[in-house]
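Have a look at the structure below, then the notes.
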Amino acid sequence: MVQITINNKEIEAPESSTILEVARKHGIDIPTLCYHEALEPYGVCRLCIVEVSGSLRKGIRISCIQNVMDGLIVNTKSEKVLRNRQFLFELLLARSPDSKELIDLAAKHGVYESRFYEGDTDDNCVRCGLCVRVCRDKIGAFALCFAHRGYDRMVTTDFESLSEYCIGCGTCAQICPTGAIRMKDEGEERIIYTKNGMVARFKLETCDLCGIPYAPRKHLNFVIKNSDESMAVNVARDLCPTCARRTGAVNLVGSMTL
Ligand code: SF4
Ligand code: FES
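Counting in the working numbering, the sequence shown runs from 156 upward without gaps.
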């Protein structure tokens, strides 16, 4: 354990934790966009910046990737932090002006418009990378990636065409904080798509009991493979989540992967 100070409050914290984790545990609010507790920190949105001194050279650090250390002094709302964070909000708003979540978060931090917005985009993807990372690190499908650089950076698939690796689980859509990547079931078809186009499309398998289309075969195979390897439970293989619940079987298709 180490002793640190956050906003003049003395705190004892495990050495392996980040400033963000410790702050959140103690009810100290730091805004984040690219952080998710189920994934390794990525440090890309920079909104979680804090000012440090004491055992680290005085300056601005990214709290989701900076570990705590004995004697560390942290200020989450110094004048320098607030000024830099407002600037970051303006940059993000200029690139993703259609993200309601970003607009709300920025407003909560006193930013209502961006002096950098040129009126030439209607994007709501904030480039947090959560969809790409969850697909790669939790599902192991590697269906999504980033293409292009700087202002043109966007979430897409290999060769920007329908992904052969996507299993149609929809975890990307679940984790996306802005709804920029979506999953839609229509009749017997499931599609996963972004503003830039379709990621993948699937025919849905139907439930053995009620006959309702509910999951792509690739997703079912993924669930079967993983549940067989790691769980000694009565897994419903051909039932939708509702019928599985009714019959007392376990259906992992409808459960969160996170
Ligand atoms: S699509 Fe959503 S999760 Fe993926 S980078 Fe954009 S905002 Fe983040
Ligand atoms: S939350 Fe730390 S950089 Fe995005």
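Where is the CB? At the ideal position from N, CA and C, for every residue including glycine.
- Not one heavy atom of the ligand SF4 is found less than 7 Å from the C-beta of alanine 302.
- The three-state secondary structure of arginine 356, taken from DSSP, is strand.
- Excluding its 5 nearest sequence neighbours in each direction, proline 169 has C-beta neighbours in its own chain below 7 Å: Met156, listed in chain order.
- The segment 276-291 makes contact with the segment 325-337, as at least three CB pairs between them are under 8 Å.
- In the three-state reduction of the DSSP assignment, lysine 380 falls in the helix class.
- Checking the 7 Å criterion, the Cβ of cysteine 203 is out of range of every heavy atom belonging to the ligand SF4.
- Placement of the Cβ of cysteine 280 at a distance of 7 Å or more from every heavy atom of the ligand FES is found.
- Straight-line spacing of the CA atoms in methionine 309 and cysteine 280 works out to 8 Å.
- By the criterion of a C-beta distance shorter than 8 Å, valine 266 is surrounded in its chain by Gln241, Phe244, Glu245, Leu248, once the five residues flanking it on both sides are discounted.
- Glycine 226 counts as exposed, since fewer than 16 other beta carbons sit within 10 angstroms of its beta carbon.
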